[in-house]
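Take 564 as the starting number for the sequence shown in the numbering used here and just add one per residue. Structure first, commentary second.
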Amino acid sequence: MAGLGDLPASSAPVIGRDLPVFPSVPLSADAAPFTPQGADAWQRGAWPQTEAERLFSRCAAKVRGLRADSSNLREELNLLFDQLISEPFNRSLEPNYNIQPEDVCILLVNATRLVPMNQEHLVVKLCKLVHHLLHQLRVIMDKQTLDILLKYLTAALEACSTWTHLGVLQALATVIYGNGQQCHQHLDNLLGEGGVLLLYGAPSQPDMDLRHAALACMANVCVRISGQPPLDDGHKSVCFSVFLQTLQAPRPDDSDELFYCIVLQAALKGLHCCLLGGKWKFGGDEVVGSVLAALKRLMFQGTPGVSVTWPAVLYPAPLSHYESPSARKPDDEAPKPTQAVKDGGGKATANKKRSSRGKAKKPSVEEGRRDDEDDGETAALALHKTGSEGKASVVSLYPSWKRNTSDSEFSDSEGSAQGKLRLQHARVRQGALHCLLAVVKWVEKRTLYGYWSSFIPEAPVGNGAAPPLTLLTIILKDPSPKVRTCALQALSAMLDGSRQFLAVAEDTASPRTSYTPFSFTLATAVRELHRSLSLALMAETSPQTLTQVIKCLAHLVSNAPYHRLRPGLLSSLWKQIRPYVRHRDTNVRVSALTLYGALVTTQAPLPEVQLLLRQPEGSTASGSFTPQDSRALSWRQPGDAPSPRAPRTPKEAEGGGPPWLLTLCAALVTQPRDEHSDSEGVGGSALEPSPVRLEALQVLSHLVRGYISLSQACLCEIGQLCARCLAESDPSIQLHGAKLLEELGTGIIQQYQAENAVPEGPSRVPLNQVVRFWTEVLSGPLNGALQNQQHPTLQTSACDTLASILPQAFAQLPDKMQLMCITVLLGLTYSDSDLVKMAAVRALGVYVLFPCLREDLMFVADTANAILAALDDRSSNIRAKAAWSLGNLTDTLLVNMDCVEVDFQKEMSDMLLLKMLQAATRSAADKDKVKSNAVRALGNLLHFLREAQLSRAAFRQPLEDAVRALVKTVQSVATMKVRWNACYALGKAFKNPDLPLESACWSGDALAALCKVVGSCKNFKVRIKSAAALAVPNHRRCYGDAERFGHVWRSLDAALRSSEETDDFLEYRYSASLRHTLSRALLHLLRLGLPSDLPAISASLAGVEGAGLREHLLKYLRAEGAAGEEKDAAAAGDSFDPQQRVQSLQQTVQRLKAMEVDTEESTKEALICFLEDLLKDSEEP
564 MAGLGDLPAS
574 SAPVIGRDLP
584 VFPSVPLSAD
594 AAPFTPQGAD
604 AWQRGAWPQT
614 EAERLFSRCA
624 AKVRGLRADS
634 SNLREELNLL
644 FDQLISEPFN
654 RSLEPNYNIQ
664 PEDVCILLVN
674 ATRLVPMNQE
684 HLVVKLCKLV
694 HHLLHQLRVI
704 MDKQTLDILL
714 KYLTAALEAC
724 STWTHLGVLQ
734 ALATVIYGNG
744 QQCHQHLDNL
754 LGEGGVLLLY
764 GAPSQPDMDL
774 RHAALACMAN
784 VCVRISGQPP
794 LDDGHKSVCF
804 SVFLQTLQAP
814 RPDDSDELFY
824 CIVLQAALKG
834 LHCCLLGGKW
844 KFGGDEVVGS
854 VLAALKRLMF
864 QGTPGVSVTW
874 PAVLYPAPLS
884 HYESPSARKP
894 DDEAPKPTQA
904 VKDGGGKATA
914 NKKRSSRGKA
924 KKPSVEEGRR
934 DDEDDGETAA
944 LALHKTGSEG
954 KASVVSLYPS
964 WKRNTSDSEF
974 SDSEGSAQGK
984 LRLQHARVRQ
994 GALHCLLAVV
1004 KWVEKRTLYG
1014 YWSSFIPEAP
1024 VGNGAAPPLT
1034 LLTIILKDPS
1044 PKVRTCALQA
1054 LSAMLDGSRQ
1064 FLAVAEDTAS
1074 PRTSYTPFSF
1084 TLATAVRELH
1094 RSLSLALMAE
1104 TSPQTLTQVI
1114 KCLAHLVSNA
1124 PYHRLRPGLL
1134 SSLWKQIRPY
1144 VRHRDTNVRV
1154 SALTLYGALV
1164 TTQAPLPEVQ
1174 LLLRQPEGST
1184 ASGSFTPQDS
1194 RALSWRQPGD
1204 APSPRAPRTP
1214 KEAEGGGPPW
1224 LLTLCAALVT
1234 QPRDEHSDSE
1244 GVGGSALEPS
1254 PVRLEALQVL
1264 SHLVRGYISL
1274 SQACLCEIGQ
1284 LCARCLAESD
1294 PSIQLHGAKL
1304 LEELGTGIIQ
1314 QYQAENAVPE
1324 GPSRVPLNQV
1334 VRFWTEVLSG
1344 PLNGALQNQQ
1354 HPTLQTSACD
1364 TLASILPQAF
1374 AQLPDKMQLM
1384 CITVLLGLTY
1394 SDSDLVKMAA
1404 VRALGVYVLF
1414 PCLREDLMFV
1424 ADTANAILAA
1434 LDDRSSNIRA
1444 KAAWSLGNLT
1454 DTLLVNMDCV
1464 EVDFQKEMSD
1474 MLLLKMLQAA
1484 TRSAADKDKV
1494 KSNAVRALGN
1504 LLHFLREAQL
1514 SRAAFRQPLE
1524 DAVRALVKTV
1534 QSVATMKVRW
1544 NACYALGKAF
1554 KNPDLPLESA
1564 CWSGDALAAL
1574 CKVVGSCKNF
1584 KVRIKSAAAL
1594 AVPNHRRCYG
1604 DAERFGHVWR
1614 SLDAALRSSE
1624 ETDDFLEYRY
1634 SASLRHTLSR
1644 ALLHLLRLGL
1654 PSDLPAISAS
1664 LAGVEGAGLR
1674 EHLLKYLRAE
1684 GAAGEEKDAA
1694 AAGDSFDPQQ
1704 RVQSLQQTVQ
1714 RLKAMEVDTE
1724 ESTKEALICF
1734 LEDLLKDSEE
1744 P
């Protein structure tokens, strides 16, 4: 047996699998005891290979072998801990360390059992080891190890001396990182009343190191790692309060400013972790204002020239919180370098210093901007001056790093200290801006709008006034590119989604002298944002920060209401951004294209943008270059190669050709990039990077969507571009090519829609050109995209492209192409991908409305069967699209019922109609997004069915179920759109003369549901549709007996009297239309009333109530007060002509006079008298 150990590795016996070769270990008394590692240790490769792994394995084995009662335990542990701490174990440098997390946990658990609390030096060294191993090896601990380490460290804080607490807290911060919720049972001791972390983290704690360590622990408690549960709100609120108190407290007089900055950074990190937990949960506006005030102060931490008294709380107000100058500069606001001199008049004194010193400033490593940028920015500021006498409107916050400073003023040690302090100040400002970004994201935007004036200036800087300290000050003046980037990100977050708030901005009207409207103030803020960001665009040289500047401008353009502002803002920006499309950095080029996409998307079509698109490139370029143009364009000089975007004909030079932006984007997608580009790839034949090409296609989609009249000249060229994209191998390029086709088709459809009323001529694409375009597209690679099962998203976009074909053009396509489109879509409804199935079902819902297809009975039947199968799908999104398509299909049935010469109702299969009715009834009980179209389909089907079908026994129960489903939906608490559609569907059903309203058991419930909704629903649109439905039946018998008729009359009368009562101001815009519909319904009932109905009618005409009803009816007869009434009247089959309404009422009076009444004649006479007085008043001017 001893000879087996001498065999070579290749001759070792192998049973079932390859086994590792055991290293030979000589027998010795000093050898570590054997410990089995488990059956899977060989498979996971746990055998040490590197020196660090061997060291860890050896030390771990020795720790496992030590006993607590060993005589030399202290010396052994000291040696082992020192060896482990001295080894870097850096996974960043050596990511393939084969040290398992469970082995680290076992080592630390064993070490805690060996180190007693009375050995304080060993305790501190163990804490260093815990921090070192967990941090360097990025170990995720199991629950048992976490509990053991937490118990040990919390016990050490209680039992050991104060001098050890710094090391213990450092280890505690590492252990607790991301495990806040799992440490819940220990947090009560740490964060409860009298807890160690609260004691050491309080602003009153004199030891800055302990304070920093405690704050770091609390910050790590609040950190949430993906997959871990969040910290409970109670402990998070405690930490939040400590962080906020730290940020609000002034710097202690005896503390070092560098250490104070480190403490602030820990508090800002903790505050940021608290704010990332979701919606704001830390209090009302007072707390929000306190946080914003603290963050605004720290945004300018260490900034030279800032000498203001900061408010403790910011309050939401329409006016700005201008900081008041302080008598002396606080010690904690900024360092006191000798070059930070403040001019009392708010103007920089750099020129005076430059002349007096006579020394040139040397470039510093920490400068974010170059000397040429300083000159360009100062010149730009001078161009924007508002005063006279040649004085530039330069803000008082002129940074010290841009002043003339001689390095000889400091010694080497002083200069190093100043550099470290500037670095820490910049990190504080960066942390404050990160927290501001979190506040902007998680505080409700409506709440945050009140604080805009504290971060965005409301008036242009100038006239010698002290400028406000805002985010724009940081963007223009901060020396750190990272800080400027953070400020731009915060500003972008504030602008994102602010369209509704900025929508009231307007400065087109003449300015008022008595007061400044809020709309004008907002417009001024928008203009100041444009001005300042344009200055930042000219001055910025850092590519990363420049990208954020352009993105911020894109957010501004996407949300500002330029149709309410004086023109010119977009023109200057349009010209200024042109050179950056040719910038050396890929991200800058992408962001520039994103900005162009925002420009052609905002309020499209915008007249100012239309003019800019018509201008050829180079016509206004002479005044559009920035100081950095020579550098930005150095790799793409126009003289190197003929520019594809230059106008080539006189017509194009006059702006009659395609938009230059369209040509530019097409060139970026298809033409090779310049060989001097710094992008990936070698040689001049490579195309632009994928992000640039994708963004160019996105801009083309926006351009085609908003400005189709300018893009239609290049219809065939865009089709060829899309075909080229679809033929490429990159799925992203294929997808964007298909989306561009869809946008182009949608734009053409909008041109041909009746409501747009685009006449024949140059403003609309000729039909033959559209047919030729789609013929080429359908003959190209689009078929391959439709059949590409490896990329369902591409298939989805291809289906949407088929749905965007102009119906008139589809009718003129070759028969084989029409058949191909239909066959492919019908087949894709059975796809395994939900996205593809959803898009195919939607496309069929579009096709079924085509005039050339809706009369094809076989196509309608095939589409109906595909839709019915999709209605039973497990995905609610697919069912929603299927319900929408079913609604369109039933719309087609009603159109065919009126237009087709052949009796379409007889040709349609009764069994298919029954299946559709039952499926729509089931869908009416589905989710709201399915239900809204299912009830629409039910109304159409109930209107379509004829007596031959309704009389069959198979339809009797489904018919009742369908009506009751509508009644239930009307009375439900579903969304208002669903209830609106249900009321409309009942009105559609009542129009069917074959529907047995007078005898059906469900008719009473249907009328009762509508009567209840017409007077009680908060949504006026639902009430309008319910009143319109009650006025649909053309025969008195449909309303039932006199009691039911009287109930309908009283419901309409009560609804008319309460038509102005609502708690929602937005509903008032529908109140006039509601009164019009209710008045028409009441007069309709008067026209149908029988003698038995007169008592109920006359009862509502007496007294004050009768006077109110008379006033509303008089307005209806005169057609007063209803905006857009013509459209509503036409949709309801009513006449808008007041004369015709009066004539109809006169006929009603004549009918009442001829009516024989069995009851009291006075009731009849009172009603006739009321109506005659109403007619007399309606004829008066």
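Yeah, the Cβ is synthetic: ideal placement off N, Cα and C, and Gly gets one too. Keep in mind the model is a prediction, meaning the values are calculated, not measured.
task: Mind the definition here: the segment 1600-1609 touches the segment 1650-1660 only if three or more C-beta pairs lie below 8 Å; say whether that holds.
output: Verdict: yes, contact present.
- request: State buried or exposed for ASP1616, treating a residue as buried only when at least 16 other CB atoms are found within 10 Å of its CB.
  value: Taking the first residue of the sequence shown as 1, we reach residue 1616 at position 1053. ASP1616 should be labelled buried.
query: At which residue ranges does the segment 1525-1554 contain complete alpha helix (DSSP H) runs of 4 or more residues, listed in the order of the chain?
result: Runs found: 1539-1553.
task: In angstroms with no decimal places, state the Cα-to-Cα distance between LEU1737 and ILE1271.
output: Taking the sequence shown and counting its residues from 1, one reaches residue 1737 at position 1174. Taking the sequence shown and counting its residues from 1, one reaches residue 1271 at position 708. Within the model, the alpha-carbon separation for LEU1737 versus ILE1271 is close to 53 Å.
field: Three-state class that DSSP yields for THR1392 in the structure shown
entry: Here residue 1392 refers to the residue found at position 829 when the sequence shown is read from its first residue. Residue state for THR1392 is assigned as coil, using DSSP reduced to three classes.
query: Can you name the residues that DSSP bridges to LEU1250?
result: What you label residue 1250 is simply residue 687 of the sequence shown in a count that begins at 1. Within the DSSP secondary-structure output, LEU1250 pairs in a beta bridge with PRO1235.
query: Is SER1663 buried or exposed, if buried means 16 or more other CB atoms sit within 10 Å of its CB?
result: On the sequence shown, residue 1663 is found 1100 positions in, with the first residue counted as 1. Buried, since its Cβ has 16 or more Cβ neighbours within 10 Å.
- prompt: For LYS1492, which of VAL1533, VAL1541, LEU1476, ASP1557 has the nearest alpha-carbon?
  reply: Locating residue 1492 in the sequence shown gives position 929, where the first residue counts as 1. Ranking the options by Cα distance to LYS1492, first place goes to VAL1541.
field: Cβ-Cβ distance between CYS824 and GLN981 below 8 Å
entry: Locating residue 824 in the sequence shown gives position 261, counting from the first residue. Locating residue 981 in the sequence shown gives position 418, counting from the first residue. Cβ atoms of CYS824 and GLN981: not closer than 8 Å.
field: Beta-carbon separation (whole angstroms), ALA995 vs LEU858, contact threshold 8 Å
entry: For the purposes of this step, residue 995 is identified with residue 432 of the sequence shown, where counting begins at 1. For the purposes of this step, residue 858 is identified with residue 295 of the sequence shown, where counting begins at 1. The Cβ separation is near 5 Å, so the contact holds.
query: Would the segment 1363-1382 and the segment 1286-1299 be scored as touching if the rule is three or more Cβ pairs under 8 Å?
result: In short, these stretches do not touch, since the Cβ pair count stays below three.
- prompt: Buried or exposed: SER1154, going by 16 or more other Cβ atoms within 10 Å of its Cβ?
  reply: Locating residue 1154 in the sequence shown gives position 591, where the first residue counts as 1. SER1154 comes out buried.
- request: Express the C-alpha separation of LEU670 and GLN663 in angstroms, rounding to a whole number.
  value: Counting from one through the sequence shown, the residue named residue 663 turns up at place 100. Counting from one through the sequence shown, the residue named residue 670 turns up at place 107. Going by the C-alpha atoms only, they are around 11 Å apart.
CA-to-CA distance, LEU877 to SER1396, given in whole angstroms: What you label residue 1396 is simply residue 833 of the sequence shown in a count that begins at 1. What you label residue 877 is simply residue 314 of the sequence shown in a count that begins at 1. Roughly 52 Å separates the two Cα atoms.
task: Sort TYR1078, CYS1115, VAL1003 by Cα distance to LEU1035 and report the nearest one.
output: Counting from 1 along the sequence shown, the entry for residue 1035 is found at position 472. That would be CYS1115, whose Cα lies nearest to the Cα of LEU1035.
task: Using three-state DSSP, classify VAL1067 as helix, strand or coil.
output: As a position in the sequence shown, residue 1067 is number 504, starting the count at 1. Reduced to three states, the DSSP call for VAL1067 is coil.
message: For LEU1549 and LEU1573, which I take to be in contact (beta-carbon distance under 8 Å), what is that distance rounded to the nearest angstrom?
response: Here residue 1549 is taken as the residue at index 986 of the sequence shown, counted from 1. Here residue 1573 is taken as the residue at index 1010 of the sequence shown, counted from 1. 6 Å between Cβ atoms; contact.
Neighbourhood of GLY764 by C-beta, 7 Å cutoff - its chain only, sequence neighbours within 5 removed: Along the sequence shown, read from residue 1 onward, the residue named residue 764 stands at position 201. The residues are ARG774, ALA777, LEU778, MET781, VAL805.
- request: Can you tell me which of the three DSSP states VAL871 falls into?
  value: For this step, residue 871 is matched to residue 308 along the sequence shown. Annotated three-state conformation of VAL871 is strand, per DSSP.
query: Roughly how many whole angstroms lie between the Cα atoms of GLY1246 and LYS1379?
result: Here residue 1246 refers to the residue found at position 683 when the sequence shown is read from its first residue. Here residue 1379 refers to the residue found at position 816 when the sequence shown is read from its first residue. With a pLDDT of only 43 at GLY1246, under 50, the local geometry of the prediction cannot be trusted, and the value read off the model is given with reservation. Whole-angstrom Cα-Cα distance: 44 Å.
message: Tell me the DSSP secondary structure of GLY852 in three-state form.
response: Here residue 852 refers to the residue found at position 289 of the sequence shown. Note: GLY852 maps to helix in three-state DSSP.
message: Since VAL759 and LEU729 should fall inside the 8 Å C-beta cutoff, what is the C-beta to C-beta distance between them, to a whole number of angstroms?
response: Against the sequence shown, residue 759 aligns to sequence position 196. Against the sequence shown, residue 729 aligns to sequence position 166. The beta carbons of VAL759 and LEU729 sit about 12 Å from each other, so the pair does not count as a contact at 8 Å.
- request: Kindly indicate which three-state DSSP category GLY1578 falls into: helix, strand or coil?
  value: For the purposes of this step, residue 1578 is taken as residue 1015 along the sequence shown, with counting starting at 1. Reduced to three states, the DSSP call for GLY1578 is helix.
message: Looking at VAL549: is its Cβ nearer than 8 Å to the Cβ of VAL667?
response: For residue 549 there is no data in the structure shown, the boundaries of the chain being 564 and 1744.
field: Alpha carbon of ASN1122 to alpha carbon of ALA1066, nearest angstrom
entry: Along the sequence shown, one-based indexing puts residue 1122 at 559. Along the sequence shown, one-based indexing puts residue 1066 at 503. Taking the straight line from one Cα to the other gives about 8 Å.
message: Shorter than 7 Å, the distance from the beta carbon of LEU773 to the closest heavy atom of the ligand NAD, or not?
response: As presented, the structure is devoid of all ligands, the ligand NAD included, so that no description of it is given.
query: Between which two residues does the alpha helix (DSSP H) carrying THR1711 extend?
result: In the sequence shown, the residue the question calls residue 1711 occupies position 1148. Here the alpha helix (DSSP H) through THR1711 covers 1701-1717.
message: When you compare the CB positions of VAL1404 and ALA1361, do they come within less than 8 Å of one another, or not?
response: Taking the sequence shown and counting its residues from 1, one reaches residue 1404 at position 841. Taking the sequence shown and counting its residues from 1, one reaches residue 1361 at position 798. No; because the gap between Cβ atoms is not below 8 Å, this pair is not in contact.
- prompt: Taking the alpha helix (DSSP H) that ASP710 falls in, what are its first and last residues?
  reply: Within the sequence shown, numbered from 1, the residue matching residue 710 stands at position 147. It spans 706-722 - the alpha helix (DSSP H) in which ASP710 sits, taken as one unbroken run.
- prompt: Is it a yes or a no for the segment 1247-1256 touching the segment 1163-1179, going by three-plus beta-carbon pairs under 8 Å?
  reply: Short answer: they don't touch.
- request: Select from PRO1042, LEU1593, ASN659 the residue whose C-alpha is nearest the C-alpha of LEU1646.
  value: Position 1083 of the sequence shown, counted from the start, is the residue given in the question as residue 1646. Of the candidates PRO1042, LEU1593, ASN659, the one whose C-alpha sits nearest the C-alpha of LEU1646 is LEU1593.
- prompt: Short check: CB of VAL686 to CB of MET680, under 8 Å?
  reply: Start at 1 with the first residue of the sequence shown, and residue 686 comes out as number 123. Start at 1 with the first residue of the sequence shown, and residue 680 comes out as number 117. In this structure, MET680 lies closer than 8 Å to VAL686 by Cβ.
query: Going by C-alpha distance, which of LEU1629, THR866, LYS1588, LEU1676 is nearest ARG1620?
result: The count along the sequence shown starts at 1 and reaches residue 1620 at position 1057. The shortest Cα separation from ARG1620 among LEU1629, THR866, LYS1588, LEU1676 belongs to LEU1676.
message: With a threshold of 8 Å on Cβ separation, who are the neighbours of VAL678 within its own chain once the five nearest residues in sequence on each side are excluded?
response: As a position in the sequence shown, residue 678 is number 115, starting the count at 1. So the qualifying residues of the chain are LEU640, LEU685, VAL686, LEU689.
query: By a C-beta neighbour count over all protein chains shown, 10 Å radius and 16 as the cutoff for buried, is ASP1363 buried or exposed?
result: To locate residue 1363, count along the sequence shown from 1; it is residue 800. It is buried - the Cβ of ASP1363 has at least 16 other Cβ atoms within 10 Å.
task: Write down every uninterrupted run of the alpha helix (DSSP H) in the segment 636-666 whose length is 4 residues or greater and which is fully enclosed by it, in chain order.
output: DSSP runs (the alpha helix (DSSP H)) wholly in the segment 636-666: 636-649.
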